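See structure below.
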Amino acid sequence: MRRKDLAGPGREPPVLLVKWYDLTRWILEKVDSIPKSQRFVFGTRLADHAIGVLETLVEASYSSTKAALLADANRKVETLRWLVRLGPRRMRRMLGGWLKQAQSKEGTASHGGRFEVSQAAV
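Position one of the sequence shown corresponds to residue 55 (the numbering used here), numbered consecutively onward.
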């Protein structure tokens, strides 16, 4: 999105705010593709943290004392980073469980134990 589209009259928003806005929109789109069984637990947490950072950055952009708000945003970004790292592992486990269930129903051979999905595929 263009910076001027996000700014009020006579001012431009900080570059970080614009970039975080774009990232938040992307995260919200991706949350919709999380399997339904995890969307309301895991997806909601991702979306809430991304929106929380956005809210804090907006507040900091209007505040005369920014340090505490930016430190809070930094903590939220760090939490979000860990949640994002958790996602692929969780999805791989879900996929492995689904595969085992399908194999037992279809009577096909197992992959010899733990099912692995490549990191690139997730």
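Every residue gets a Cβ at the ideal spot worked out from N, C-alpha and C, and that includes glycine. Remember, predicted model here, so these are calculated numbers, not experimental data.
Selected residue, minimal CA-CA separation from residue i, among the options
i, options, result
"residue 102", "148, 130, 111", "130"
"residue 74", "126, 119, 112, 138", "112"
"residue 137", "80, 79, 66, 98", "98"
"residue 88", "132, 117, 148", "148"
Short Cβ contact (8 Å threshold) for residue i with residue j
i, j, result
"residue 104", "residue 77", "yes"
"residue 94", "residue 141", "no"
"residue 127", "residue 107", "yes"
Secondary structure of residue i, DSSP reduced to three states
i, result
"residue 86", "coil"
"residue 113", "helix"
"residue 142", "helix"
"residue 151", "helix"
"residue 119", "coil"
"residue 160", "helix"
"residue 169", "Note on residue 169: pLDDT 37, under 50, position unreliable in the model; no value is reported."
"residue 93", "helix"
"residue 66", "coil"
"residue 57", "Its pLDDT being 49, under 50, residue 57 is placed unreliably by the model, and the measurement read from it follows with that caveat. Here residue 57 sits in helix by DSSP."
8 Å Cβ shell around residue i - same chain, five flanking residues per side excluded
i, result
"residue 161", "none"
"residue 134", "100, 103, 104, 107"
"residue 120", "114"
Cβ-based neighbour list, residue i, same chain, cut-off 7 Å, excluding 5 preceding and 5 following
i, result
"residue 68", "115"
"residue 159", "none"
"residue 109", "none"
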